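Here is the structure we will look at.
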Amino acid sequence: MLEGARNELFSELIATCDGMLAPAVYARIYETAQRGGQIVEVGTAMGAATVALALGLRHSGKSGHVFTFDPMTGGPRRSLNSPGKRIARIEANLARYGVQDLVTVTPSDLRSGLSVLPDDQTVSVLMLDADGRIDRDLETLEQRLAPGCSMIIDDIADQVRVKRQGATYRIDSKMRLSWLLFNKLTESGKLSAGQQLVDTYFGEVIADANSIIDRDDTLEAYRQLVFQTASTNRLQRLRSYLLEQGQEVAPDFVAKCRRFYRRIKYRRLAASSEMNAAEESSPGGSGGEQVAA
Ligand SMILES: C[S@@+](CC[C@H](N)C(=O)[O-])C[C@H]1O[C@@H](n2cnc3c(N)ncnc32)[C@H](O)[C@@H]1O
2 MLEGARNELF
12 SELIATCDGM
22 LAPAVYARIY
32 ETAQRGGQIV
42 EVGTAMGAAT
52 VALALGLRHS
62 GKSGHVFTFD
72 PMTGGPRRSL
82 NSPGKRIARI
92 EANLARYGVQ
102 DLVTVTPSDL
112 RSGLSVLPDD
122 QTVSVLMLDA
132 DGRIDRDLET
142 LEQRLAPGCS
152 MIIDDIADQV
162 RVKRQGATYR
172 IDSKMRLSWL
182 LFNKLTESGK
192 LSAGQQLVDT
202 YFGEVIADAN
212 SIIDRDDTLE
222 AYRQLVFQTA
232 STNRLQRLRS
242 YLLEQGQEVA
252 PDFVAKCRRF
262 YRRIKYRRLA
272 ASSEMNAAEE
282 SSPGGSGGEQ
292 VAA
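Numbering (the working numbering), first residue to last: 2 to 294.
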């Protein structure tokens, strides 16, 4: 697919399926799925990455299927918190891109819905973008992963999100948990160093990893979450307050503002990663892994 058409496709995907990642990240998800075979996604949301995976599979011409899991009870859009409404919306999104025949949507977590996966095939691509518990989902599938299974893990960042909820604050450590667990997995040689594009990791399971999840490493990652610091400033607090109030009175307007903000943010990221790429390909470039963050 030509670069321009590709950018347009992934920008449209973000707008139509409430995609939360950058267009370049969806493009990379699409490319990863071209490996074909059994593709598993944990954390469907509105199906943006599901569509990217299914389109990659379709355009590869290879056989395969995408299995996606999400309990559909939380997530980005309060108005779509009932599982029935969410599934209807996801199915409409799949139909819009003509990939419904390639996807099975399971409204549960991976462990409870595991029986939908045909057990005569191994998993060739695994995408984790749920609640940060990448240890749980990897452990559930570790006996079924193909050697060198392609891995995509989103929200790898040493950050927490702090959100005021009435008189209390909600501290969301999903990203930091993923980051801590991910570091253990790469340090112990279970996952390749791979590449990180914004906050999303693309790499592989190391072929000779017998058991991916080590209990001591996992517990250590959770222990490190016990004492943590998070900083916030007045501007961030004002932003959270306005978003919270806006969500109550004009949720669609807030969703539009969020999309606008993301578009600007991703445009800046794309420009800086183009600059990095240009520097690396120039004669004096540093070479090595490209990191856009
Ligand atoms: C960040 S969103 C996923 C975004 C999506 N991959 C995309 O690109 O548009 C996280 C999703 O994970 C789901 N989720 C939360 N806990 C989960 C679990 N244990 N298993 C599967 N999905 C879960 C939430 O309902 C939410 O829809």
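Cβ coordinates follow ideal geometry from the N, Cα and C atoms, glycine included.
If you're wondering where the values come from, they're calculated on a predicted model, not measured in any experiment.
Under 8 Å between the Cβ atoms of residue i and residue j?
i: LEU22; j: ASP209; result: no
i: LEU192; j: THR219; result: no
i: GLY44; j: ASP130; result: yes
i: VAL41; j: ALA55; result: no
i: LYS175; j: ALA222; result: no
i: VAL26; j: THR201; result: yes
i: MET128; j: ILE153; result: yes
i: PHE70; j: SER125; result: no
i: LEU14; j: GLY5; result: no
i: ARG112; j: THR141; result: yes
i: ILE213; j: LEU139; result: yes
i: ALA16; j: ARG260; result: yes
Compute every distance between the C-beta of residue i and the non-hydrogen atoms of ligand 1, then say whether any falls below 7 Å.
i: ALA131; result: yes
i: THR45; result: yes
i: PRO108; result: no
i: LEU22; result: yes
i: PRO72; result: yes
i: LEU10; result: no
i: LEU111; result: yes
i: ALA49; result: yes
What does residue i pair with, by DSSP beta-bridge criteria?
i: SER151; result: VAL126, GLU205
i: VAL41; result: PHE68, LEU127
i: VAL250; result: None, per the DSSP bridge assignment.
i: VAL52; result: Partner(s): none; VAL52 has no beta bridge.
i: LEU146; result: VAL124
i: THR1; result: It is not possible to answer for residue 1, since the shown part of the chain is limited to 2 through 294.
With distance defined between alpha-carbon atoms, name the residue in the options nearest to residue i.
i: ALA46; options: GLY62, ASP253, CYS18, ARG36; result: CYS18
i: ARG224; options: LEU178, ARG162, ASP132; result: LEU178
i: VAL199; options: GLN166, ARG145, PRO24; result: PRO24
i: TYR242; options: ARG36, ALA6, TYR170, ASN211; result: TYR170
i: GLY167; options: GLU245, ARG59, TYR31, VAL206; result: GLU245
i: LEU58; options: TYR262, GLN39, THR74, PHE228; result: GLN39
i: LEU226; options: GLN101, ARG134, ALA28, LEU10; result: ARG134
i: ALA50; options: ALA89, LEU10, CYS150; result: LEU10
i: ARG36; options: PRO84, GLY62, ALA28; result: GLY62
i: PRO84; options: VAL106, GLY190, ASP132, LEU142; result: VAL106
i: PRO119; options: ASP102, ASP136, ASN94, ARG145; result: ARG145
i: THR230; options: ARG268, ILE214, ASP159; result: ASP159
i: GLY149; options: GLY114, ASN234, GLU205; result: GLU205
i: TYR98; options: HIS60, MET73, ASP132; result: HIS60
i: ASP173; options: VAL117, SER232, ARG216, ALA147; result: SER232
i: PHE228; options: VAL104, VAL161, LEU103; result: VAL161
What are the uninterrupted segments assigned as beta strand (DSSP E) that are 3 or more residues long and contained completely in the region 160-187, given in chain order? Taking 3 residues as the shortest admissible run, the region 160-187 contains the following complete beta strand (DSSP E) segments, listed from N- to C-terminal end: 162-166, 169-173.
List, from N- to C-terminal side, the beta strand (DSSP E) runs of 3 residues or more that fit wholly inside the region 189-234. For the beta strand (DSSP E) assignment, the uninterrupted runs of no fewer than 3 residues enclosed by the region 189-234 are, from N- to C-terminal side, 196-198, 201-205.
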